[in-house]
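Below you'll find the structure, written out as structure tokens, and then a few comments.
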Amino acid sequence: MAWNRFPDLAILPLFLFKLHNNYLWFLLPFSQLHICFCHCFLSAARFPILLQPVLLLQCQPDLSAGDSGQFCSPPASALGFFQRRRVCGQSIPLVASQHFGALLQVFRVANPQRSTDLTSTVGYDSIIQHLNDGRKNCKEFEDFLKERAIIEEKYGKELINLSKKKPCGQTELNTLKRSLDVFKQQIDNVGQGHIQLAQTLREEAKKMEEFREKQKLHRKKIELIMEAIHKNRNLQYKKTMEAKRLYEQRCRDKDEAEQAVHRNANLVTQKQQEKLFLKLAQTKSALEDSDRGYQQSITALEKIREEWLKEHIKACEFFETQECERISYFRNALWLHVNQLSQGCVQNDEKYEEIRKSLEMCSIEKDIDFFVNLRKTGSSAPAPVVYENYYNTQRNATPVRSPVSVPISRRAPLPTPTSGPGDPDYATIDGYSLIHH
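Numbered continuously in this note's numbering, the sequence shown closes out at residue 647.
Following this line, the structure appears as structure tokens:
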């Protein structure tokens, strides 16, 4: 956007960043930057980096370019080295810690239109409501982690059951079989990783619960103190207002008595005048008593107000510190959760890489040769099937000699068959009989 339009190219400051022993230089225009030096921790994929010092860049709206109300987007080249990933467990320092005093002022002062009433607790109630909302948000994130843990555990168990019970290429041979074994084993490992992640998420949810309950316990003590002070302040304020009402009534009674004396100075008898003066003296005495009581109530109320104000400031400072801790803890917990998910993805990719390495070792030729050597039946092909004459086979068949001696037959030889006058002629040729009709 406006980063591509530099109206003040004549003034290009050169910013120096120190990264260990290396220096990074950036040219950026003054008109679009607020420079705030601070220390911050970044991290590369596997090690922390300390930048001394670092320029925190805050873009300002470029109204001269016609983009009213829109903020300039910094170029990727200028902020590319600010990596968002960091090592799990490292704290993220708060950059603008000096601005926390403004938050305290917000906590101390209620709405100006409502803060004139001493008994008003609008500002305090707003703080307590905000803290309760923050505690509720932590509880919601805690429940989110628990639900995610249930999902991860269920998914991990399903993967383990799938890898163990579901057949997958169980009749494969040699290198492909080994690759499939690695595949199933790594899928099992992925399932185990998800189960471990589920346990880690439960531990993080437990930490969040402990942190939330710890803050609740500490805050409860302050709330009890403030409730007692509010009750005492309201009670004293009520007494003071009652003393003020009585004082004002005594003033009116005294004024009426004085007016009665002046009106009836020449119209009443001596005895009646004495009664009027006596009543005036009584009203003056009652006025003095009510005035002293009213002033004493004001003094007591002021002491209580000062005590309340001091405790209120302490409570606001405590609540502010607690809220800063909650936001920091919540943000770090969320950051850690995302890092755990990223770490799980990296570990899963490492397991998948083992599968890919095993597949690279797979050889089609070796698998084919292995199958041939395992199932081969011989090196010669079966002989062709030839035609065999049944009669020729019977005549040329070699008689099987019995090992048992056969007794000599005493029967006479069979006569040679002859044809009768009416019988057909038979001819024998090479073991075949041909009948002529």
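For each residue, glycine too, the CB sits at the ideal point set by N, CA and C.
So, using beta-carbon positions, are Ser389 and Leu551 closer together than 9 Å?
On the sequence shown, residue 389 is found 179 positions in, with the first residue counted as 1. On the sequence shown, residue 551 is found 341 positions in, with the first residue counted as 1. No. Outside cutoff.
Measure the C-alpha to C-alpha separation of Tyr504 and Gln469 and round it to an integer number of angstroms.
As a first step, residue 504 is located in the sequence shown; it is residue number 294 there, counting from the start. As a first step, residue 469 is located in the sequence shown; it is residue number 259 there, counting from the start. Cα-Cα distance, rounded: 24 Å.
Nearest-angstrom Cβ-Cβ length linking Leu369 and Gly401, presumed shorter than 8 Å:
By one-based count along the sequence shown, residue 369 stands at place 159. By one-based count along the sequence shown, residue 401 stands at place 191. Confirmed, about 3 Å.
Simplified DSSP state of Asn476, which is helix, strand or coil:
To locate residue 476, count along the sequence shown from 1; it is residue 266. Residue state, collapsed to three classes: coil.
Is Trp518 closer than 9 Å to Ile439 when the C-beta atoms are compared?
In the sequence shown, residue 439 corresponds to position 229, counting from 1. In the sequence shown, residue 518 corresponds to position 308, counting from 1. Yes, they are a contact pair.
Since Ile397 contacts Lys367 with CB under 8 Å, what's their CB separation in whole angstroms?
For the purposes of this step, residue 397 is taken as residue 187 along the sequence shown, with counting starting at 1. For the purposes of this step, residue 367 is taken as residue 157 along the sequence shown, with counting starting at 1. Going by Cβ atoms, the distance from Ile397 to Lys367 rounds to 13 Å, so no, they are not a contact pair.
By a C-beta neighbour count over all protein chains shown, 10 Å radius and 16 as the cutoff for buried, is Gln480 buried or exposed?
Numbered from 1 along the sequence shown, position 270 holds the residue referred to as residue 480. Flag for Gln480 reads exposed.
Assess contact between the segment 534 to 547 and the segment 346 to 364, defined as three or more Cβ pairs (one per stretch) separated by less than 8 Å. Is contact present?
yes
At what residues does the alpha helix (DSSP H) containing Gly333 begin and finish?
If you number the sequence shown from 1, residue 333 lands on position 123. Run containing Gly333: 332 to 375, per the alpha helix (DSSP H) assignment.
So what does DSSP say about Ser507, is it helix, strand or coil?
By 1-based counting over the sequence shown, the position of residue 507 is 297. Helix at Ser507.
Buried or exposed (CB count within 10 angstroms, at least 16 for buried), Gly588:
Taking the sequence shown and counting its residues from 1, one reaches residue 588 at position 378. Under this definition Gly588 is an exposed residue.
Taking Cβ to Cβ, would you say Met571 is nearer than 9 Å to Thr385?
Here residue 571 corresponds to residue number 361 of the sequence shown, with the count starting at 1. Here residue 385 corresponds to residue number 175 of the sequence shown, with the count starting at 1. Cβ distance < 9 Å, so Met571 and Thr385 count as in contact.
When DSSP labels each residue in this structure, what does Cys534 get in the three-state scheme?
Residue 534 sits at position 324 when you count from the first residue of the sequence shown. Looking at Cys534 - three-state DSSP - the assignment turns out to be helix.
Shortest alpha-carbon distance to Asp559 belongs to which of Phe393, Lys426, Val471?
Here residue 559 refers to the residue found at position 349 of the sequence shown. Comparing Cα positions, the closest option is Phe393.
Would you say Tyr457 and Ser500 are within 9 Å of each other, going by their C-beta atoms?
Here residue 457 refers to the residue found at position 247 when the sequence shown is read from its first residue. Here residue 500 refers to the residue found at position 290 when the sequence shown is read from its first residue. Closer than 9 Å, so yes.
Output needed for Asn399: all residues of its chain with C-beta closer than 7 Å, excluding positions within five of it in sequence on either side, in chain order.
Within the sequence shown, the letter at position 189 stands for residue 399. Excluding residues within five positions, the ones whose Cβ falls inside 7 Å are Lys561.
So, with DSSP's three-state summary, where would you put Ser590?
As a position in the sequence shown, residue 590 is number 380, starting the count at 1. Correct three-state label for Ser590: coil.
Would you kindly work out how many angstroms separate the C-alpha atoms of Glu413 and Phe421, rounded to a whole number?
The count along the sequence shown starts at 1 and reaches residue 413 at position 203. The count along the sequence shown starts at 1 and reaches residue 421 at position 211. Here the alpha carbons of Phe421 and Glu413 stand approximately 12 Å from one another.
Find out if the Cβ-Cβ distance for the pair Lys464, Leu497 is shorter than 9 Å.
The residue given as residue 464 occupies position 254 in the sequence shown. The residue given as residue 497 occupies position 287 in the sequence shown. Against a cut-off of 9 Å, the Cβ pair of Leu497 and Lys464 comes out as a contact.
Kindly indicate the opening and closing residues of the alpha helix (DSSP H) around Val595.
Sequence index remark: in the sequence shown, residue 595 carries index 385 (1-based). Element bounds for Val595: n/a, residue is neither H nor E.
Going straight from the alpha carbon of Lys416 to that of His547, what length do you get?
The residue given as residue 416 occupies position 206 in the sequence shown. The residue given as residue 547 occupies position 337 in the sequence shown. So the alpha carbons of these two residues sit roughly 13 Å apart.
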